[in-house]
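No gaps in the numbering here: position 8 of the sequence shown is -3 in the numbering used here, and each next residue is one more.
Cβ atoms here follow ideal geometry from the backbone N, Cα and C, with glycine treated the same way.
These numbers come from a predicted model, not from an experiment.
Report on the following structure.
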Amino acid sequence: PMLATKLRDRDAYASMKRDGMLHLTVRAKEADPASRISAKHFKIAMAEADELATDVLVALEE
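Here it is as structure tokens:
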């Protein structure tokens, strides 16, 4: 593979079609006391996506 970072198969990515962008979903889940625990999973997914985006940008600069 050209990139070291891989996007794992996560429900957070699959739910984007239904719920919208990850950062907005994280905000909504953090605001809802019943959903705060799942917000952590979405934050991890967001960090993975950010890391992949950084790798893509670095590869484009090379």
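In the structure shown, what three-state DSSP assignment does residue i receive?
i       : result
ASP0    : helix
THR14   : helix
SER24   : coil
THR43   : helix
LYS32   : helix
ALA(-7) : coil
GLU51   : coil
Measure the beta-carbon distance from residue i to residue j and round it to whole angstroms, keeping in mind my assumption that it falls under 8 Å.
i     : j       : result
ALA3  : LYS18   : At roughly 15 Å, the Cβ-Cβ gap does not stay under 8 Å, so ALA3 and LYS18 are not in contact.
ALA48 : LEU(-8) : 6 Å
Nearest CA to the CA of residue i: which residue from the options?
i       : options                      : result
GLY9    : VAL47, MET35, MET(-9), ILE26 : MET35
THR(-6) : ALA20, ALA42, GLU51          : ALA42
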